[in-house]
Amino acid sequence: MATEELHSQCAGYTLPVPNVQSLATSLDKSSQIPERYIRPEAKVDPVAHTNEIELPVIDLAKLIDPEFSKQEAAKLHLTCQEWSFFQLVNHGIPEELIKGLKADTVEFFNKPLEEKMAYKQNNDGDLQGYGQAFVLSEEQKLDWCDMFYVMTRPIAIRNMKFWPTSPSTFRDNIDRYSLELTKVASCLWQYIARNLGAAPEVFAQLFKDHPQGMRFNYYPPCPEADKVIGISPHSDATGFSMLLQINDEQGLQIRKDGKWIAVSALPNALIVNLGDVTEVLSNGIYKSIEHRATINTENTRISLAAFHGPDNSIMLRPLPEVVGDGKPNYGSMSYQEFMKAYFEQKLEGKNILDMLKIQN
Ligand code: OGA
Ligand code: NI
87 MATEELHSQC AGYTLPVPNV QSLATSLDKS SQIPERYIRP EAKVDPVAHT
137 NEIELPVIDL AKLIDPEFSK QEAAKLHLTC QEWSFFQLVN HGIPEELIKG
187 LKADTVEFFN KPLEEKMAYK QNNDGDLQGY GQAFVLSEEQ KLDWCDMFYV
237 MTRPIAIRNM KFWPTSPSTF RDNIDRYSLE LTKVASCLWQ YIARNLGAAP
287 EVFAQLFKDH PQGMRFNYYP PCPEADKVIG ISPHSDATGF SMLLQINDEQ
337 GLQIRKDGKW IAVSALPNAL IVNLGDVTEV LSNGIYKSIE HRATINTENT
387 RISLAAFHGP DNSIMLRPLP EVVGDGKPNY GSMSYQEFMK AYFEQKLEGK
437 NILDMLKIQN
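For the sequence shown, our numbering gives the first residue as 87, with consecutive numbering after it.
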């Protein structure tokens, strides 16, 4: 597919980097890790010294049940304002599907490197495939993580070249999971729209065809786990993301009130976090939140992040329904331009969103 036809959510450049899974396998407990992975900030960033905090729970079954809907929608609004992060339970995705997808993902990453490299990124302006993202210079520090990224929707954008044929059920499970997530997303958008005082149709239009990308993150253990970072601090440049922890290993941290806190989620819950697009649309009533992933010395962690962005052609700006007679807190920019800027920088906090902020 020609670069100019690529969707914003997969268009971007990144330099090829070593495979972290192979590197980790070659190390033993007393090995020193290469300098490029050592992150001084991992030690100095303030971390809240509390135990892991379980994320607030939103129950989708309650949200759609007339008896509980109002109460659960109010809880959703508060949670979006205070946390921007929650775990969604009773989401209706069949357990058998989640189990199959998890097994396929583990099996895929356990394959020999040569087999996975059949799906490696092309480095031709398309971030899909097996590799990394956001690496823009040879000096840049690297994340302790391998990624495998595919665009799943709109269906017309799928490039099956990147969809693994083995395990034999993987493609079908990704496809089914992708569809299930669109149902969950449609439902959540309705309540988020209402909570913001906008008509659900406005959001349905902005997110039409459910643009969706899926990133499988593979975080191997590291003998010097406290010196590395699994995924650099960032906010997601989407409407919202839904993360599934493939092997129920925790490692996600969020920056709340200036400090990093480790969060945990229930098995099979979807960890939802609001992205930059929602922050702008909501005029800052909801904020995207910085998060990162940590590494441990013993176990591999695998997660699957599904990003739900707006239609490629939208203009990103606060919704007039939300701004009302007040002032917009963000300027406007085409979503394509926004994504271009996002992928042209290394992952670093919320710097791209800050460009759009208006100092009122
Ligand atoms: C992401 C992400 C966190 C995790 O892929 O954008 O934030 O816990 N992942 O894997
Ligand atoms: Ni993220």
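Note that CB positions come from ideal geometry on N, CA and C, so glycine has one too.
*May I ask you to check if the CB of His377 is nearer than 7 Å to at least one heavy atom of the ligand NI?*
At least one heavy atom of the ligand NI is nearer than 7 Å to the Cβ of His377, so yes.
Query raised in the report: Hey, how far is the Cα of Arg239 from the Cα of Tyr205?
Result: 19 Å
Asp322: CB within 7 Å of a non-hydrogen atom of the ligand NI: At least one heavy atom of the ligand NI lies less than 7 Å from the C-beta of Asp322.
Nearest neighbour of Arg122, chosen from Gln207, Gln95, Ser223 [CA to CA] | Nearest to Arg122 by C-alpha distance, out of Gln207, Gln95, Ser223, is Ser223.
query = Helix or strand or just coil, what does DSSP make of Thr238?
reply = strand
#### Entry: Collapsed DSSP secondary structure at Glu201 in the structure displayed
helix
Query raised in the report: Just how far apart, CA to CA, sit Phe302 and Ala391?
Result: Roughly 6 Å separates the two Cα atoms.
According to DSSP, simplified to helix, strand and coil, what is His163?
helix
Margin query: Is any non-hydrogen atom of the ligand NI found closer than 7 Å to the C-beta of Ser327, if you look at the structure I gave you?
Written below: yes
Thinking C-beta only, is Asn333 closer than 8 Å to Asn369?
no
Exercise. For Ser264 and chain B, any beta-carbon pair shorter than 8 Å?
Worked result: No chain B appears in this structure, which consists of one protein chain only.
Exercise. Who does Val358 pair with in a DSSP beta bridge?
Worked result: Phe172, Met328
What distance in whole Å lies between the Cβ atoms of Tyr304 and Gln95, which are believed to be in contact at a cut-off of 8 Å? With 8 Å as the limit, Gln95 and Tyr304 do not qualify as a contact, their Cβ atoms being about 20 Å apart.
Exercise. So Gly299 is in the beta strand (DSSP E); what residue range does that whole segment cover?
Worked result: 298–305
Exercise for review: Please state whether DSSP places Phe429 in a helix, a strand or coil.
Suggested key: Phe429: helix per DSSP, three-state reduction.
Q: Could you tell me whether any non-hydrogen atom of the ligand OGA is closer than 7 Å to the CB of Leu187?
A: no
Backbone secondary structure at Lys436 - three-state DSSP: coil
query = Which residue comes first and which comes last in the alpha helix (DSSP H) that contains Pro406?
reply = 406–409
- Message: Contact between the segment 343–356 and the segment 116–132 is defined here as three or more beta-carbon pairs at a separation below 8 Å; is this criterion met?
- Response: yes
query = Using a Cβ-Cβ cut-off of 6 Å (strictly less than) and excluding sequence neighbours within five positions of Trp169, which residues of its own chain qualify?
reply = Pro142
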